[in-house]
Structures are given as structure tokens and as C-alpha cells.
Amino acid sequence: MTKETVPRSPADQLIVALDGMQRSEALALCAQLPGLRWVKVGLELFVAAGPDVLVALREQGLRIFLDLKFHDIPATMAGACHRAASLGAELITVHACAGLKALEAAQTAATEAASLEGFPAPTLLAVTVLTSWDDKRLADELTIQQSIDQRVESLAGLAMAAGLGGCVCSSREVSHLRQRHPWPFELVTPGIRPQGADLQDQARVMTPAAAIAAGASRLVIGRPITKASDPAEAFRRCCQELE
Ligand code: C5P
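Going by the working numbering, the sequence shown opens with residue 1237, and the numbers climb by one from there.
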């Protein structure tokens, strides 16, 4: 299958994170959101509900971002990405610091599996530095002397060299990474808060429109939609902000 063109419709740009839910709650919530196209299944839902939840979400017509952040030896990364792609996940996260060989093996395996099943070629997204780290802890605990900005940039470059299709990056990093990596490199950005929304535990946030303007190709939004008193209205407003 051919690669998509740059996502322009709000429904293609918004990925709703299904965190803090059991399988039945997640499926029910998705059914309540007219126009929803993409969902993110993270560790919490995947561990609770198992791989079958991906099949059930796909049966609702949804596209899957599987955010399990694989990091292992090349053969294990390849095996896990092969399974994820054969379940129909189209965006799959891996840690860039697994290294070139593991990233290449993972991408090859995912592409092969999707082609065997007749699914679109999945995009592997590299996780660079988690936003829970800061420069001092990187140096003190991991003896890494690079700043976070330098490390994000070098790991994004490694992902690109390995043939990966994009990165997960914070709103702080997105504009800089976009200058170096034009579309079709995906930059998927969490930490998004619509105008006036509760920040919850997110320290640095951007509005949906600002993050897209800064170069994000897709946005991950969880609680502002999933915990809203009217999730369908909250989703509609996020889409409207991107119109
Ligand atoms: O509920 P909220 O919109 O804050 O959810 C954001 C989602 O993006 C969660 O699934 C969270 O784990 C993920 N994420 C994040 N910050 C990162 C990486 C991932 O918030 N740096």
C-alpha cells in the first residue's frame, strides 16, 4: 500500500489516548466519539486487556497507535514488532536507544508482517528521551553528558538513519525536529491541552492548533477528552480547533 499524504483532516491528526480504562470502558468510549479515527493503546490497557483489544478496536473502524515502547535485543524487537503489525497496529513505538541494528530489524519485521496480512505499512516511531528526565539526572544517573536537546536530536537522527518513519516528541522539541526532518517523517506530540483545559500532570503543554503549526503531524490527547463530562463534545471541540 502507498504511504499516506500529510494528514490534514483533524480526525487524522488527533489520536485519543485510551489510558486508565478497562477494555469495555475503552470500547464504549470510542463508540461515543463520532468521527474518531485514531486511538492510542498504551501499556496499561494492553496489559489489562491483551492483544484482542486491538482487534476489537479495529472492528470499530479505528486505526491503532500501539505505544508499548519496545526496547530489547534486535531479534526480540523484530518479533514484537512483527506481532504488533500483524494485529493491525499502524503506529508502533520503540526506544531509539535500542540502536541501529535493532531499529532496522524492527522496521523490516513490521513491514513484512503488515504486507503478509494486507495491512498498510506500519510506521515505527522512535521514543528519544522521556519527558520525565532532565539534564541533571541524565548526567548524574546515566552519566550522559549530552543535554536533553542534543540527545533528542541525535536519537531522532539515529531513528531516521535506521529507516524509521518518525518520532514521538514533546511540544518543546517539535519545531526544531521538524526543521531537520520534513514530512513524511511523523512527529507525534503528546502534552496537548485545548484552550482553557486542566493541565493535570502535564508541565509544558501546547494547544492543538499551536502544536500542528509548530510541525507536529499528529497529536495525542487523553484526559481532556476521556475524562470530560461530555467526551464527544470535547473531541468535537478539539477537531474544531484544528479546522
Ligand atoms: O491525558 P494526557 O493528554 O496527558 O495523555 C497524554 C498521553 O501521552 C498519555 O498516554 C501519556 O502516557 C503520553 N505521553 C505523554 N508525555 C510524553 C510521552 C507520552 O504525556 N512525553
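Built from N, CA and C at the ideal position, the CB exists for glycine as well.
Of the listed residues the options, nearest to residue i (C-alpha basis)
i	options	result
G1451	V1424, F1306, G1432	V1424
Q1249	P1270, R1440, V1275	V1275
I1384	V1456, D1370, T1347	D1370
A1445	Q1436, I1457, T1379, D1437	I1457
V1277	F1301, A1267, Q1268, D1288	F1301
A1398	L1290, A1332, A1262, C1405	A1332
W1419	D1434, T1359, E1377	T1359
Q1431	E1477, L1366, L1391	E1477
A1264	R1429, E1479, V1289, Q1386	V1289
S1260	L1400, Q1296, Q1438, R1244	Q1296
L1391	L1336, L1323, Q1438, R1429	L1336
G1354	R1429, L1323, E1479	L1323
E1340	V1291, L1400, Q1386, V1283	L1400
Beta-carbon gap between residue i and residue j smaller than 9 Å
i	j	result
L1352	I1251	no
L1394	Q1382	no
V1242	S1453	yes
M1257	L1281	yes
M1313	A1345	yes
R1440	D1255	no
A1338	I1309	yes
A1342	A1316	yes
T1443	C1405	no
A1362	V1410	no
A1468	L1269	yes
A1321	T1347	yes
A1247	G1271	yes
R1416	E1389	yes
H1307	A1334	yes
C1266	L1298	yes
G1402	E1377	no
G1427	T1367	yes
P1356	R1319	no
Reduced DSSP category for residue i - H, G, I as helix; E, B as strand; rest coil
i	result
T1367	coil
F1355	coil
T1238	Confidence in T1238 is poor, its pLDDT being 43 and thus under 50, which makes the residue's placement too unreliable to answer from.
E1326	strand
M1257	coil
R1244	coil
I1309	coil
L1269	coil
L1391	helix
F1471	helix
L1304	strand
K1372	helix
I1461	helix
A1314	helix
L1435	coil
E1479	coil
T1347	helix
H1412	helix
D1466	coil
Bridge partner(s) assigned by DSSP for residue i
i	result
I1201	For the chain, the structure presents residues 1237 to 1479; residue 1201 sits outside this window and is missing.
R1299	W1274
G1402	L1361, E1422
H1331	V1363
I1384	None; I1384 has no bridge partner.
M1442	I1428
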